[in-house]
Amino acid sequence: MEEMMKRVLIACTWLGSLALGGIALAAGYTDAVAAIVIDKIITVFDLHQETMPAELQLREKYEGEDLQKRIVELRKAAAQKLIEEELIYAEFKELGGRVPRDLVQKRIDRVVVSRTGGDRRQFEKALLSQNTNMAEFEEKATRSLAVELLLQEKVFRAVHISPTMIQEYYEKHKFEFGTKPALHLQIIQLRKQGRYAANLEETVKTVQDRIARGIAFGDLAREFSEDPTAEKEGDLGWLALDEISPRFVEGLKDVKPGSVSAPLRNDDGAVFLNLVARQGGTAQALDDALRSRIEDILRQTEERSRYRAFIEELQKKYYVRKFF
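Following this line, the structure appears as structure tokens:
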């Protein structure tokens, strides 16, 4: 009978929450349901408890609709975090997991020291002022440790990053750890839908001829270019190689600094590029420090992937319903 009443109450709460949706996450409906995981109800009040410090910071910086939007996003993230923790804890119990008592006590002692300098009585008073008590705090500490233990087993422990993986990542991303290759360019853009629409090819030949006669590229850019940089003699400044159109990079591969490319084509028309200077780019040597840094990158990437896969598995196994 008690279980039946419990389910009826949950069902009634669902119906009341359906009308609230994302609005409740921003408003003051503290008893509104944000999500249900198995038979655990997560309310907007629970989310507010999680996000209160961050919300206070938001209220100092934003107001109106912008503030409400940011609060909703913050509480959505908190809701997802609580949902995932509930799923992990449910799986921990399903597997018959037990959190060692001494581990719980060490966690509590550490918190008491950090908050009240080790004064347990003062810590308990602080809990009471927050409408909670030591028993509830111990339960939260136990649940938190259970989640950590299962994640360690299912997500973190099995991650292995080999030297080969580190070397391969370095070869693909070496310039991210050093100086990227870059070109200093000037441009003349002749647009097929611009002032040269009726005589584009003739103008291309005219510019080519003047370049061949040694007329300064900057002067020609001022006279002919329809690019916004025309008044600056077409100066594009330094551009990393990956910021430049691949067709332009290809057109410049045999051009030496101080020389101009053949006419290149883009969607707008024809382009001349003057290669002012070339910077080859340098890669940081793969020393022990960089190996460690790359290992951290690969480990974090793998851990995120394993974590998401684990959560997706749990979402299929256990009942989850969101109201946001």
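In terms of the numbering used here, the sequence shown has 201 at position 197, counting the first letter as 1, and numbering is strictly consecutive.
Glycine is no exception: its CB is placed at the ideal position from the N, C-alpha and C atoms.
Here the structure is a predicted model, which is why all the values come from computation and not from measurement.
Quiz item: Going by the CB atoms, is the gap between Ile-75 and Leu-62 shorter than 8 Å?
Solution: Counted from its first residue, the sequence shown places residue 62 at position 58. Counted from its first residue, the sequence shown places residue 75 at position 71. Yes. Within cutoff.
Quiz item: Under the three-state reduction of DSSP, which class applies to Thr-136: helix, strand or coil?
Solution: Taking the sequence shown and counting its residues from 1, the one referred to as residue 136 is at position 132. Reduced to three states, the DSSP call for Thr-136 is coil.
Exercise. Pick out whichever of Arg-310, Gly-284, Lys-326, Val-324 has its Cα sitting closest to the Cα of Phe-160.
Key: In the sequence shown, the residue the question calls residue 160 occupies position 156. Here the closest residue by C-alpha is Arg-310.
Self-check item: C-alpha gap between Val-103 and Ala-150, whole angstroms
Solution: In the sequence shown, residue 103 corresponds to position 99, counting from 1. In the sequence shown, residue 150 corresponds to position 146, counting from 1. Whole-angstrom Cα-Cα distance: 6 Å.
Practice problem: Specify whether the segment 176 to 195 and the segment 287 to 299 touch according to this definition: at least 3 beta carbon pairs, one from each stretch, less than 8 Å apart. | Solution: Short answer: they touch.
Quiz item: So what's Phe-276 in DSSP terms, helix, strand or just coil?
Solution: Walking along the sequence shown from the start, residue 276 turns up at place 272. Phe-276: strand per DSSP, three-state reduction.
Exercise. List the DSSP bridge partners of His-188.
Key: Residue mapping note: residue 188 aligns to position 184 of the sequence shown, counting from 1. Its beta-bridge partners are Trp-242, Ala-281.
Quiz item: Are the CB atoms of Val-108 and Glu-142 nearer to each other than 8 Å?
Solution: The residue given as residue 108 occupies position 104 in the sequence shown. The residue given as residue 142 occupies position 138 in the sequence shown. In this structure, Glu-142 lies closer than 8 Å to Val-108 by Cβ.
Quiz item: Contact check, Gly-273 vs Lys-209 under 8 Å by CB: the rounded distance?
Solution: In the sequence shown, residue 273 corresponds to position 269, counting from 1. In the sequence shown, residue 209 corresponds to position 205, counting from 1. Not really, about 14 Å apart at Cβ, beyond 8 Å.
Self-check item: Helix, strand or coil at Ile-27 [DSSP, three-state]
Solution: Looking up residue 27 in the sequence shown gives position 23. In this predicted model, Ile-27 has a pLDDT of only 44, less than 50, meaning its place in the structure is not dependable; the value taken from the coordinates is given anyway. Ile-27: helix per DSSP, three-state reduction.
Practice problem: Please classify Glu-6: is it buried, with 16 or more other beta-carbons within 10 angstroms of its beta-carbon, or exposed? | Solution: Your numbering for residue 6 matches position 2 in the sequence shown. Residue placement at Glu-6 is flagged as unreliable, the pLDDT there being 40, under the threshold of 50; the coordinate-derived value follows with that caveat. Glu-6 should be labelled exposed.
Quiz item: Can the beta-carbon of Leu-189 be found closer than 8 Å to that of Asn-278?
Solution: As a position in the sequence shown, residue 189 is number 185, starting the count at 1. As a position in the sequence shown, residue 278 is number 274, starting the count at 1. The answer is yes: Cβ separation under 8 Å.
Quiz item: Is Phe-328 helix, strand or coil when you go by DSSP?
Solution: On the sequence shown, residue 328 is found 324 positions in, with the first residue counted as 1. Residue state, collapsed to three classes: coil.
Quiz item: Is Glu-230 closer than 8 Å to Gly-4 when the C-beta atoms are compared?
Solution: Outside the shown range of the chain, which is 5 to 328, sits residue 4, and nothing can be said about it.
Quiz prompt | Classification of Glu-157 by the beta-carbon crowding that lies within 10 angstroms, buried from 16 upward | solution = Position 153 of the sequence shown holds residue 157. Here Glu-157 is exposed. Its C-beta has fewer than 16 other C-beta atoms within 10 Å.
Quiz item: From Glu-152 to Gln-171, what distance separates their C-alpha atoms?
Solution: One-based indexing of the sequence shown puts residue 152 at position 148. One-based indexing of the sequence shown puts residue 171 at position 167. Those two C-alpha atoms are separated by around 31 Å.
Quiz item: Around the Cβ of Asp-50, are there at least 16 other Cβ atoms within 10 angstroms (buried) or fewer (exposed)?
Solution: Reading the sequence shown from its first residue, position 46 is the one you call residue 50. Counting Cβ neighbours within 10 Å, Asp-50 comes out buried, since at least 16 surround it.
Self-check item: 7 Å Cβ shell around Ile-315 - same chain, five flanking residues per side excluded
Solution: Residue 315 sits at position 311 when you count from the first residue of the sequence shown. Correct list, in chain order: Glu-88, Leu-91.
Quiz prompt | Which listed residue (Lys-44, Ala-266, Ala-38, Leu-132) has its alpha carbon closest to that of Tyr-323 | solution = By 1-based counting over the sequence shown, the position of residue 323 is 319. Selected option, being the one with the closest Cα: Lys-44.
Self-check item: Supposed contact pair Pro-267 and Gln-212 - C-beta distance, whole angstroms, cut 8 Å
Solution: What you label residue 212 is simply residue 208 of the sequence shown in a count that begins at 1. What you label residue 267 is simply residue 263 of the sequence shown in a count that begins at 1. Going by Cβ atoms, the distance from Gln-212 to Pro-267 rounds to 7 Å, so yes, they are a contact pair.
Quiz prompt | Three-state class that DSSP yields for Thr-210 in the structure shown | solution = In the sequence shown, residue 210 corresponds to position 206, counting from 1. It is helical.
Quiz prompt | Range covered by the beta strand (DSSP E) that runs through Leu-268 | solution = Your numbering for residue 268 matches position 264 in the sequence shown. Segment 268 to 270, the beta strand (DSSP E) holding Leu-268.
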